[in-house]
Amino acid sequence: MSGAGKKIVDVAVKASKGIDWDGMAKLLVSEEARKEFASLRRAFDEVNSTLQTKFSQEPEPIDWEYYRKGIGSRLVDMYKEAYDSIEIPKYVDTVTPQYKPKFDALLVELKEAEEKSLKESERLEKEIAEVQELKKKLSTMTADEYFEKHPELKKKFDDEIRNDNWGY
Numbered sequence: 005m006s007g008a009g010k011k012i013v014d015v016a017v018k019a020s021k022g023i024d025w026d027g028m029a030k031l032l033v034s035e036e037a038r039k040e041f042a043s044l045r046r047a048f049d050e051v052n053s054t055l056q057t058k059f060s061q062e063p064e065p066i067d068w069e070y071y072r073k074g075i076g077s078r079l080v081d082m083y084k085e086a087y088d089s090i091e092i093p094k095y096v097d098t099v100t101p102q103y104k105p106k107f108d109a110l111l112v113e114l115k116e117a118e119e120k121s122l123k124e125s126e127r128l129e130k131e132i133a134e135v136q137e138l139k140k141k142l143s144t145m146t147a148d149e150y151f152e153k154h155p156e157l158k159k160k161f162d163d164e165i166r167n168d169n170w171g172y
């Protein structure tokens with residue numbers, strides 16, 4: 005196997021082992037997202053399978069002696085010379101340098117969005133707890149107890165009463 009082909013297969017194998025597909029699938033909420041995720045996983049598996057099968061096999065060496073006996077050495081030597089003169093160019097990656105900075109910027113954005121999301125989730129959890137607590141106490145709560153927790157509303161109501169603003 006050529007060095008570049010083996011490298012590609014090794015990278016593909018490492019990449020597939022490092023992906024927590026089940027963990028990512030648990031994070032998806034909508035049915036459309038699940039369908040797209042399943043499609044992505046199938047495509048990844050197909051590409052990975054193709055890389056492992058196509059590039060992981062060494063070509064069988066040519067038995068030149070066998071052909072010399074059947075065809076003749078002059079013609080076989082001509083083909084062997086042409087075969088040996090073939091140079092397969094090395095792959096030069098010009099794509100990764102273009103997209104690596106964009107990908108890194110997206111990773112930074114992703115981290116920021118994740119932090120924002122976690123903070124918002126935490127805030128919403130607190131708000132839900134407060135609303136549930138308020139729901140439990142609502143039937144027995146007095147206005148003074150409510151205004152203790154929400155002094156800005158008490159100030160607003162007091163200002164409206166002071167200004168003789170009764171809402172009509």
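Its first residue numbered 5, the sequence shown is counted upward by one per residue in my numbering. All C-beta atoms in this analysis are idealised placements derived from N, C-alpha and C, irrespective of residue type, glycine included.
Expressed to the nearest angstrom, what Euclidean distance is found between the alpha-carbon atoms of residue i and residue j?
i	j	result
valine 96	tryptophan 68	32 angstroms
threonine 54	phenylalanine 48	10 angstroms
arginine 127	glutamate 118	14 angstroms
alanine 42	aspartate 108	25 angstroms
tryptophan 25	lysine 141	44 angstroms
glutamate 62	lysine 123	53 angstroms
threonine 144	glutamate 137	12 angstroms
proline 155	serine 121	29 angstroms
methionine 82	proline 93	22 angstroms
threonine 98	leucine 110	20 angstroms
aspartate 148	phenylalanine 161	12 angstroms
glutamate 116	serine 89	54 angstroms
glycine 27	isoleucine 66	47 angstroms
isoleucine 23	alanine 29	11 angstroms
Using 8 angstroms for Cβ pairs, my map puts residue i next to residue j. What's the rounded Cβ distance?
i	j	result
arginine 38	leucine 32	5 angstroms
tyrosine 80	tyrosine 71	According to the sequence as given, residue 80 is valine; it is not tyrosine. The pair is a contact, with the Cβ atoms about 5 angstroms apart (cut-off 8 angstroms).
Cutting at 7 angstroms between CB atoms, please list the residues of its own chain near residue i, excluding the five before and the five after it.
i	result
lysine 158	Phe151
Keeping to the same chain, check which residues put their C-beta closer than 6 angstroms to that of residue i; ignore five residues upstream and five downstream.
i	result
aspartate 163	none
glutamate 64	none
Counting only the same chain and skipping the five closest in sequence on each side, list residues whose C-beta sits under 8 angstroms from that of residue i.
i	result
glutamate 113	none
What do you get for residue i, buried or exposed, if any count of 16 or more other CB atoms within 10 angstroms of its CB means buried?
i	result
arginine 166	exposed
Inset, instruction - Would you list, in sequence order, the uninterrupted alpha helix (DSSP H) runs of no fewer than 4 residues that lie entirely inside the region 100 to 165? - result: 147 to 153
Inset, instruction - Please list the segments of the alpha helix (DSSP H) lying wholly inside the region 22 to 76, counting only runs of 4 or more residues, in order along the chain. - result: 25 to 31, 35 to 58, 68 to 75
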